[in-house]
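So the sequence shown is numbered by my numbering: it starts at 2 and just counts up by one. All residues carry an ideal CB built from backbone N, CA and C; glycine is no exception. Here the structure comes first, spelled out in C-alpha cells, and everything after it is commentary.
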Amino acid sequence: MFKYIEPKKVKLGNDENMTERFAYYVPVTQTLNSLLESDIWKNSVSQQSRETNPDDFCDISDGQNSKSNQFFMGFSFLSNPGCLKLILYQDAFEIVNPLGSAKKKHKVIAVYLSVANLPAHMRSNTVPCLINDLKQFGSAKVFSEMLEDLKNLEKNGITVGGETVKGALYCIAGDNLGSHSIGGFTENFSRSVYFCRYCEITRPSLRMIQMFVVHSVLLKVMILQFYKLKTDKAPGLPPCLGHDIFEGVLSYDVALYLKYFIKKNKWFTYSYKGSDALTKPSAVNSEGSKLSGQAIQNWNLLRLLPVLIGDKVQNPEDDVWQLTLQLKDIVDMICAQNISLSQVAYLDIIIQESVYFLRLH
C-alpha cells in the first residue's frame, strides 16, 4: 500500500482584496519514493514486457518522440535504464453547481501526475488550485515547488533501496486552453486568426486537410526561427483524447448525424424503458450543435450506435450513415490498445476521407 503523503500548502500571495491565496501540492519526490518502495511498483514493472514488434504501437514508449528523446533513450538511459517517464495532466473543474454568480468563481485547476513506466490502467496525484489564482499569480508561481522537484529528479534523482533513480517530464496532457497557457500559445480560440499549436491554419480556412502537412512544417520553422523560441513545445503538449475526440469531434459529428436521421429522414425515434432509462445517454438537444454528455457517455453512445439504430436505418448506403460508421472505425482505432504501423497509415486515409465527405455535406 502507498504511504500517506500530506499535501503542502503553497502560499501564492494576496489578491486585490488582500486575502491570502494558496495552492496545495503533494510533493512529487515523496510520492515517487512511496511508489518505488511499494509492492505495486515491483510487481507491475517486473511483469511488464517491452519486447514488442517495432511496427506495433502499444504505449507512448513506442512512438517516435519517445525513441528520439535523448534523456529517455540516449546516454542518460544507458547510465540509468530505470529512468522514470512522468506525465502531467491538467484540467479545470467546478466544485459547486456552476449557476449564476457562482459560475467560474469556484473553478479549480488540478494537475495529476502519472508514471508512464506503469501499465496504463495503473497510472494518478493532484495539485489543486483555484483557476483565478493561476491567472493572477501565473504558472511559475503556482507550480514553483513542483518544478523544483522535477528539476532535482532529472539532475540528481532519488535514492530507493540504495539505488539512484532519475526521471523527467515526458509530456503535459490536458484541455487545449490549459495546454496553450502552459506552452505560451494563444488562449483566445474564438477570435485569434492563428489558434492551433500544431499547424498554421487560419480561422477562415478551417480545415482543409490537404494543407495540414504544409502548415505543420511551416509552424516548426516559424516557432524555431521567426519567434526565436529555443524549443518546439508542441510534441510535449499532445492532444487530449477526452477533450478533442469524445467532447470535440465525436460530440459535434454524432449530434449532426442523429439530427439527419431523426429530423430530416424521420427514420426513427428511440424510447428507453425500464432499467435502460436509468443509464441512457444524455438527451440530444434538437437545437444544439453537439452532444451534452460527458466524454465517456459520448464514447459509449458512438460505440453502441450501430447496435441501437442499425436495424432502423432504411438505406445502409446512405452517405451520412456511412460517415457514422467511419467515425466509429476512426475512434475505435484511436482507442485501440495496440495498433500497427499499417493501421496508422489506414487511419490517416480514412480520416482524410471522412473530413473530405463531411465538407461535401
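Practice task
Quick one: residues in its chain with C-beta nearer than 7 angstroms to the C-beta of Met-334, no 5 flanking neighbours on either side, listed in chain order?
Solution key: Ile-340, Gln-344, Leu-348
Practice task
With distances taken Cα to Cα, identify the nearest neighbour of Gly-184 among Thr-325, Asp-320, Arg-198, His-244.
Solution key: Arg-198
Problem - For Tyr-253, the three-state DSSP class (helix, strand or coil) - result: helix
Practice task
State the CB to CB distance for the pair Pro-307 and Leu-326, rounded to an integer number of angstroms; the pair is presumed to be in contact (CB under 8 angstroms).
Solution key: 7 angstroms
Exercise for the section: Note the first and the last residue of the continuous alpha helix (DSSP H) segment covering Arg-360. Expected result: 342-361
Problem - Ile-1 to Val-116 span [Cα, whole Å] - result: Since the first residue shown for the chain is 2 and the last is 362, residue 1 is missing from the structure and cannot be characterised.
Exercise for the section: Please name the residue in Gln-91, Lys-265, Gly-14, Tyr-171 whose C-alpha comes closest to that of Gln-71. Expected result: Tyr-171
Handout entry: Alpha-carbon to alpha-carbon, Leu-178 and Ile-6
Key = 30 angstroms
Exercise for the section: Give the single residue among Gly-243, Arg-304, Lys-68, Gln-338 whose Cα lies nearest to the Cα of Cys-59. Expected result: Gln-338
Exercise for the section: Closer than 7 angstroms by C-beta to Arg-204: which residues in its own chain qualify, once you throw out the five before and the five after it? Chain order, please. Expected result: Val-194, Phe-196
Exercise for the section: From the DSSP output, in three-state form, read off Glu-121 for me. Expected result: Going by the sequence as given, residue 121 is Ala instead of Glu. Residue state, collapsed to three classes: helix.
Exercise for the section: Give the range of the alpha helix (DSSP H) segment to which Asn-177 is assigned. Expected result: 177-184
Practice task
Determine the DSSP secondary structure at Ser-69, reduced to helix, strand or coil.
Solution key: coil
Practice task
Specify, as a first and last residue, the run of the beta strand (DSSP E) that Gln-91 falls within.
Solution key: 85-95
Handout entry: Secondary structure of Arg-198, DSSP reduced to three states
Key = coil
Handout entry: Cut-off 7 angstroms between Cβ atoms - residues of its own chain near Ser-290, not counting five sequence neighbours on either side
Key = Tyr-253, Ala-256
Handout entry: Residue(s) in a DSSP beta bridge with Ser-115
Key = Ile-88
Exercise for the section: Could you check which residue in Lys-167, Trp-42, Asp-320, Tyr-113 has the C-alpha nearest to that of Pro-28? Expected result: Tyr-113
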